[in-house]
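K.L.:
Got a structure for you, written out below as structure tokens; questions coming shortly.
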Amino acid sequence: MINTVPVALPGRAYDVLIGPGLLAEAGPRIAALGGRRHVAILTDETVGQLHLAPLQAALRAAGLTSAALALPAGEATKGWPQLQRSVDWLLDQKVERGDVIVALGGGVIGDLAGFAAAILRRGVRFVQVPTTLLAQVDSSVGGKTGINAAQGKNLIGAFHQPSLVLADTDLLDTLPRRDFLAGYGEVVKYGLLGDADFFGWLEANAAAMAEGDAAARVRAVTRSVEMKAEIVLRDEREAGDRALLNLGHTFCHALEKATGYSDRLLHGEGVAIGCALAFALSARLGLCAQEEPSRVRAHLQALGMKRDIRDIPDDLPEAEVLLDLMGQDKKVQDGVLRFILARGIGAAFVTSEVPRDAVLEVLRESA
Ligand code: NAD
Ligand code: GLY
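Residues 46 to 412, numbered by this note's numbering, are exactly what the sequence shown covers, in order.
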């Protein structure tokens, strides 16, 4: 069963297709976009080994030739050196304005390939074939593309919407459990920010989903993408509501920076910890009942996920240092930090009115 979620942005509308077996159908779907009969694919070495050959076979069956560049796997790839390498390679592939680039991989490849597509010849089209849970539910949809800077995460980039997203849920079968659960951090974020019923459904079904329940995976990815599409339609450029998608991210970005974007903390793990901290902060400020952060933490714990700063291996900097790192977040406006807090599960909102001491106390309690 394939679900279709339309992202009906005027002038750049596209569909997100979700379900099993989509990689094998990629040929006609990509051919239908037009352009040259030659497709340039960006992937990473791990995903390339596992899923590139079936993609290229599917393209061949539809009369498309293809060439692929496999970049090193991991967050360190999302920087200038690999972006430059990718753009040079795409130019060598003679990619033209009407052509289509394919991003086969997780959020790292999707973000980098999308940015390469945004700047190549002032913008070429691209197709996202997300291969991680995180990429299927979040990064492949909504058009945020970019790379990291020495100064912080995702500080260089562009809004550039894909022309099509093919989220083949079968590809998640090869994903290591740790990466699956990291992606689940973004799934749980959707329930927490805007759909209490979905959070309740996740409480009942997430364990089965992690064990490989295919129908549950399709449902969770579809609901997440529906929610993301709805928010992106309201606020593509993050002038308002889209910031809700950053629930947990102000904390997460500081923790990722403190751990050097290393294996100590995956992005989605940081999001899960960040969501737990955002709810702890909301309760401390009297915005929601104390039971709410407890419920969030209990759910993450039931899945064996990180939920506190102390769950990250090795020591982290003190709370004051983490707070300074938060100050370098993209969501800082006029030097004032904006937080996504909640009046309860499914009821998040954006605010700048957060006393520094309350944040420090929440960070200390979690350490
Ligand atoms: P990732 O792309 O590094 O993938 C995680 C690991 O899984 C990699 O080692 C990769 O090689 C491997 N992998 C991917 N698919 C696989 C598969 N099917 N089977 C086996 N292994 C597989 O990381 P990610 O968690 O997908 O994405 C994280 C990135 O996404 C971060 O850079 C984050 O900033 C970005 N992000 C962007 C947005 C956005 O809106 N653009 C939203 C959320 C996150
Ligand atoms: N992942 C946050 C956003 O797309 O806005």
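No residue lacks a Cβ here, since even glycine has one placed at the ideal position from N, Cα and C.
1. For P400, does the count of other Cβ atoms within 10 angstroms reach 16, so buried, or fall short, so exposed?
2. Less than 8 Å separating the beta-carbons of D218 and G66?
3. Any heavy atom of the ligand NAD closer than 7 Å to the CB of D156?
4. Just to confirm the assignment, what range does the alpha helix (DSSP H) spanning P99 have?
5. Determine the contact status of P175 and Y59, defining contact as a CB-CB distance below 8 Å.
6. Let me know if R166 comes out buried or exposed under the rule of 16 or more other beta-carbons within 10 Å of its beta-carbon.
7. Helix, strand or coil: how does DSSP classify Q173 here?
8. Give the C-beta separation of V50 and A265 to the nearest angstrom, bearing in mind that I take them to be a contact with Cβ-Cβ under 8 Å.
9. By Cβ distance, which residues of its chain are closer than 8 Å to E90, with the 5 residues on each side in sequence left out?
10. Mind checking whether the beta-carbon of G187 lies closer than 7 Å to any heavy atom of the ligand GLY?
11. Among L178, H205 and V182, whose alpha-carbon lies nearest the alpha-carbon of G191?
12. Quick one, which of R74, Q94 and A334 has its alpha-carbon nearest G417's?
13. So within the stretch 218-271, which uninterrupted alpha helix (DSSP H) runs reach at least 4 residues, ignoring any that extend past its ends?
14. Considering only their Cβ atoms, is the gap separating F324 from A392 smaller than 8 Å?
15. For the pair the stretch 150-160 and the stretch 177-194, tell me if three or more CB-CB distances fall below 8 Å.
16. For the candidate residues L247, Q129, A241 and E398, whose alpha-carbon lies nearest to that of Y229?
17. Taking all protein chains shown into account, do 16 or more other C-beta atoms lie within 10 angstroms of the C-beta of R355, making it buried, or fewer, making it exposed?
18. Using 8 Å as the threshold, is the C-beta distance between Y306 and N199 below it?
19. Would you mind working out which of C333, G372, A261 and E231 sits nearest N48, comparing C-alpha positions?
20. In chain order, what residues of the same chain have a beta carbon less than 6 Å from the beta carbon of R253, not counting five sequence neighbours either side?
21. For A251, I'd like the list of residues in its chain whose CB is within less than 7 Å of its CB, leaving aside the five on either flank, ordered along the chain.
22. Do A412 and the ligand NAD come close, with the Cβ less than 7 Å from some heavy atom?
23. Can you give the beta carbon distance from A299 to M371, rounded, assuming they're within the 8 Å contact cut?
24. Would you mind giving the Cβ-Cβ distance between G80 and V145, rounded to the nearest angstrom? I have them listed as a contact below 8 Å.
25. Ignore the nearest five residues each way along the sequence and tell me which others in K351's own chain have a CB closer than 7 Å to its CB.
26. Can you tell me whether A288 is helix, strand or coil according to DSSP?
27. Taking DSSP as the reference, what is the three-state secondary structure of V61?
28. Ends of the beta strand (DSSP E) at A85?
29. Shortest alpha-carbon distance to G293 belongs to which of E256, L238 and T110?
30. What's the gap between the Cα of R212 and the Cα of D137?
31. Buried or exposed for T267, going by 16 or more other Cβ atoms inside 10 Å?
32. Could you compute how far the alpha carbon of D133 sits from the alpha carbon of G72?
33. Shortest alpha-carbon distance to R130 belongs to which of G143, A284, R105 and L157?
34. According to DSSP, is V92 part of a helix, a strand, or is it coil?
35. Could you tell me how far apart the beta carbons of T295 and L382 are, in whole angstroms, since I believe they sit closer than 8 Å?
P.N.:
The relevant details are as follows:
1. exposed
2. no
3. Yes, the Cβ of D156 comes within 7 Å of a heavy atom of the ligand NAD.
4. Counted as a single uninterrupted DSSP element, the alpha helix (DSSP H) harbouring P99 occupies residues A98 to A106.
5. In this structure, Y59 does not lie closer than 8 Å to P175 by Cβ.
6. exposed
7. DSSP places Q173 within a strand segment (E or B) once states are collapsed to three.
8. Rounded, the Cβ-Cβ distance is 13 Å, inconsistent with contact.
9. A115, L116, P117 and A118
10. yes
11. Among L178, H205 and V182, the Cα nearest to that of G191 belongs to H205.
12. This structure leaves residue 417 out entirely; the chain is present only between 46 and 412.
13. 222-239 and 241-256
14. no
15. yes
16. L247
17. exposed
18. No.
19. A261
20. One point to set straight first is that residue 253 is Ala, not Arg, in the sequence displayed. A261, listed in sequence order.
21. Y229 and L348
22. no
23. 4 Å
24. 5 Å
25. E314, A317, I318 and I357
26. helix
27. strand
28. H83 to D89
29. L238
30. Just to set this straight, residue 212 is Ala in the shown sequence, not Arg. If you draw a straight line from the Cα of A212 to the Cα of D137, it is about 28 Å long.
31. buried
32. The straight-line gap from Cα to Cα measures roughly 25 Å.
33. Scanning G143, A284, R105 and L157 for the CA closest to the CA of R130 turns up L157.
34. The answer is helix: DSSP assigns V92 an H, G or I state.
35. 7 Å
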